[in-house]
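With the numbering used here applied, the sequence shown covers 1 to 553.
The beta carbon of each residue, even a glycine, is placed where N, CA and C say it ideally should be.
None of the values given here were measured: they were computed from a predicted structure.
Presented below is the structure to which this report refers.
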Amino acid sequence: MRRGDDLAGPVPAGLRLAAAIAAVGLAYHFSFGTLAASWRYDTPLADLVLVPPIAAALLYAALRRHRFVAFLRLGRFDYVLAGVLLTLALGLVAAGPTLWSKYFWAMRLDLLTLPLFAAAVVVLLFGSRALIPLGFPVLFLLLAWPLPYDAVLEHALSSFTQSTAWAVEHMAALTQAAAPVGGSGGSRYVVSHAGGQIVVSVASACSGVNGLVGFGVVGLAALWLVRGRIVRRLVWLLFGACLVWALNVVRIVVVLLTARALGEHAAFDLLHPIAGILTLNVAFVVLVRLLPRFGLHRRHFDEHDLELVDSPLARTAPPAQQATPGRFAVRFVVVAAASFAVALADGQLGVAAKGLDENGRPAVAAFVDRPSAGPGWRVRRLARIGWAAPYYGAHSTWIRYRLRPTGAAAERGRFTVWTDAVLSPDLGALDAYSLAHCYAFHGFDVRTSLHVDLGHGVTGRVFVYETKDAVWHAVAWEWPVLRRGKVEHERVVLLASTLSRPGAPAHAPSAWLRRHVLGYLNVRAPDEDPNRPLSRALVALATQMVSVRVNRA
Numbered sequence: 001m002r003r004g005d006d007l008a009g010p011v012p013a014g015l016r017l018a019a020a021i022a023a024v025g026l027a028y029h030f031s032f033g034t035l036a037a038s039w040r041y042d043t044p045l046a047d048l049v050l051v052p053p054i055a056a057a058l059l060y061a062a063l064r065r066h067r068f069v070a071f072l073r074l075g076r077f078d079y080v081l082a083g084v085l086l087t088l089a090l091g092l093v094a095a096g097p098t099l100w101s102k103y104f105w106a107m108r109l110d111l112l113t114l115p116l117f118a119a120a121v122v123v124l125l126f127g128s129r130a131l132i133p134l135g136f137p138v139l140f141l142l143l144a145w146p147l148p149y150d151a152v153l154e155h156a157l158s159s160f161t162q163s164t165a166w167a168v169e170h171m172a173a174l175t176q177a178a179a180p181v182g183g184s185g186g187s188r189y190v191v192s193h194a195g196g197q198i199v200v201s202v203a204s205a206c207s208g209v210n211g212l213v214g215f216g217v218v219g220l221a222a223l224w225l226v227r228g229r230i231v232r233r234l235v236w237l238l239f240g241a242c243l244v245w246a247l248n249v250v251r252i253v254v255v256l257l258t259a260r261a262l263g264e265h266a267a268f269d270l271l272h273p274i275a276g277i278l279t280l281n282v283a284f285v286v287l288v289r290l291l292p293r294f295g296l297h298r299r300h301f302d303e304h305d306l307e308l309v310d311s312p313l314a315r316t317a318p319p320a321q322q323a324t325p326g327r328f329a330v331r332f333v334v335v336a337a338a339s340f341a342v343a344l345a346d347g348q349l350g351v352a353a354k355g356l357d358e359n360g361r362p363a364v365a366a367f368v369d370r371p372s373a374g375p376g377w378r379v380r381r382l383a384r385i386g387w388a389a390p391y392y393g394a395h396s397t398w399i400r401y402r403l404r405p406t407g408a409a410a411e412r413g414r415f416t417v418w419t420d421a422v423l424s425p426d427l428g429a430l431d432a433y434s435l436a437h438c439y440a441f442h443g444f445d446v447r448t449s450l451h452v453d454l455g456h457g458v459t460g461r462v463f464v465y466e467t468k469d470a471v472w473h474a475v476a477w478e479w480p481v482l483r484r485g486k487v488e489h490e491r492v493v494l495l496a497s498t499l500s501r502p503g504a505p506a507h508a509p510s511a512w513l514r515r516h517v518l519g520y521l522n523v524r525a526p527d528e529d530p531n532r533p534l535s536r537a538l539v540a541l542a543t544q545m546v547s548v549r550v551n552r553a
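Structure representation (structure tokens):
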């Protein structure tokens, strides 16, 4: 039987490639779906949806270029390496939303694990040595991670928009296409047509950032498809980015000229929707034509890399050690099982994504802007605590509120809840001065310190601590919020000290995976709560506050 399997030859590389693409697509179906959803909106990161299909195309090109990959050895070490990669990917996707609460989705760590899983699939289906020739397509998947783009855009978008507005203003004046509206900073123009006037707004979406992100994704893939010195290729790519920006300015001016000559319908209903993709295509055509000027030329798919072919890396394995049908079948089962496991964890991320957009930007308003605890609770602002600035930053705020139950909530037991809402643009400051550190610094006797599920993907903490005067119960959580168009980080702390034992509505059970992760986190945590009904009531209130704010986002 083994002899017949050896004589059958290796499973075709194309079939293994199809299995790898299907496995990754299945495992990250929800994550890819959110990338596709952002395509409907004119956002700077909408083009990140192109990363997975481009990576698949690069993998196909790499297999055609490095044909020896189909005949590499499949060994036991493949299982060890793939096991490590799969454990990291699955562990982060499964436990991450509970460990990091809303910050898991805010940082889109699910997409950061994508190359890990893809590398594991490549190792299982092609062998460990295949990671070298197929490494670029696998690493290319990192470009789907939106966090680095968000960090750059947060600091550069305003300046970039101003530079585009400056260029458009000068081009519009030179061509007499439109007149800028005074005081608009080049963001609004008046176009004269047929005796009337059309007011045109040039928003940040028109600055060219969207096109540059798309160009960067495709351009970095093109670097691998072009032969020549790496410095020349980088200069060629930089020239392309400048060309895309310049053509975007021309695009805006052409739209203004069209509005002046043919009217608003022709300019904005007919030309504007296709002008962006046309200019991007023109830029790529020009760049391809200019390859010889930069000392570069296109790499053909069937070209072999002689350096790799002549190295031990490309050594053909004996037929019995190649990807024979029997070996492939076993590894295919392992890949399928891993894909279903990651797909199950990835499918649970819809809860973690509530209150944030596809790129991890929060939509939840800060509590200080919309102070509400939901039905049955009256909120009153008490004071602003000013001495928080040295700890949480000069731009931080700390507001204290008092919450009292009304109606049905009061019937379950009256008790006062003191609520602290701390806002800071510096997440590191909140982490450095956590509640646990604060209680330890003051020498409080912490009797309970547990992680709890507050619903909608929020993981909170329950503390019970004793001071020299009283026993206090606290429930706290941290998450990113949106305030005045910028992302800030909020800590909400609910505090109560009473001997009453209030009732609480039934708490919805956590999902199976989340419940087990919380159980693991709490296995060694102190849990000596003298008033568990009060803790349950605070958790119920916190859950309601989270639900109200997420549903309003």
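Sheet register partners of residue i (DSSP bridge)
i: R461; result: H451, A476
i: H297; result: R227
i: V576; result: Missing from the structure shown is residue 576; the chain here goes from 1 to 553 and no further.
i: S201; result: R188
i: A179; result: V190
i: L482; result: A365, V487
i: P405; result: W377
Where residue i sits in the DSSP three-state scheme
i: H489; result: strand
i: T467; result: coil
i: V548; result: helix
i: L143; result: helix
i: W387; result: helix
i: I399; result: strand
i: H66; result: coil
i: R514; result: helix
i: R536; result: helix
i: P456; result: For the record, residue 456 in the displayed sequence is His; it is not Pro. H456 falls in the coil class under three-state DSSP.
i: E307; result: Residue confidence for E307 is low, a pLDDT of 47 falling below 50, so the modelled location carries little weight and cannot support an answer.
i: G196; result: strand
i: M1; result: Its pLDDT being 44, under 50, M1 is placed unreliably by the model, and the measurement read from it follows with that caveat. In this structure, M1 counts as coil in the three-state DSSP scheme.
i: W105; result: helix
i: W377; result: strand
i: N133; result: Note that residue 133 corresponds to Pro in the displayed sequence, not to Asn. Residue state, collapsed to three classes: coil.
i: A542; result: helix
i: P318; result: coil
i: L356; result: strand
i: A496; result: strand
i: A506; result: coil
i: V368; result: coil
i: L114; result: helix
i: L234; result: helix
Endpoints, the beta strand (DSSP E) within which residue i is located
i: W418; result: 417-424
i: S192; result: 188-193
Candidates the options, of which the one nearest residue i by Cα
i: D110; options: L291, G91, F71; result: G91
i: D426; options: V446, A37, P390, G443; result: P390
i: R501; options: G413, A18, L174; result: G413
i: V244; options: M107, V475, G214, V80; result: G214
i: V481; options: A365, R384, T498; result: A365
i: A130; options: L157, E169, G75; result: G75
i: N587; options: V250, Q176, L280, W398; result: Summary: the structure shown does not reach residue 587, with the chain confined to residues 1 through 553, and so no result is reported for it.
i: V199; options: G216, A179, V217, L212; result: A179
i: A57; options: F136, E358, F444; result: F136
i: S535; options: T448, R552, Y520; result: T448
i: P292; options: G326, R233, P318; result: R233
i: V379; options: R227, G386, F367; result: F367
i: V464; options: P533, A345, I277, Q348; result: P533
Inter-residue CB distance, residue i and residue j (contact presumed, cutoff 8 Å)
i: E490; j: V422; result: 7 Å
i: Q321; j: R73; result: 5 Å
i: V253; j: A172; result: 6 Å
i: W472; j: S434; result: Their Cβ separation, rounded to whole angstroms, is 16 Å, which puts W472 and S434 out of contact at 8 Å.
i: L17; j: L143; result: With 8 Å as the limit, L17 and L143 do not qualify as a contact, their Cβ atoms being about 20 Å apart.
i: L454; j: A474; result: No, L454 and A474 are not in contact; Cβ-Cβ is about 13 Å, not under 8 Å.
is_contact[residue i, chain B] using C-beta, thresh 8 Å
i: P318; result: The chain inventory of the structure shown lacks chain B, comprising one protein chain alone.
Residue i beta carbon near the ligand COA (any heavy atom closer than 7 Å)
i: L81; result: Here there are no bound small molecules, and the ligand COA is not part of this structure.
Extent of the continuous alpha helix (DSSP H) run through residue i
i: V49; result: V49 -> no alpha helix (DSSP H), and no H or E assigned at all.
i: F71; result: Note, F71: premise wrong, no alpha helix (DSSP H); not H, not E.
i: G25; result: 13-27
i: G83; result: 76-99
i: Y433; result: Taken as a continuous stretch (DSSP letters only), Y433 belongs to no alpha helix (DSSP H), as it is neither H nor E.
i: A341; result: 325-347
i: P526; result: Taken as a continuous stretch (DSSP letters only), P526 belongs to no alpha helix (DSSP H), as it is neither H nor E.
i: P273; result: 272-289
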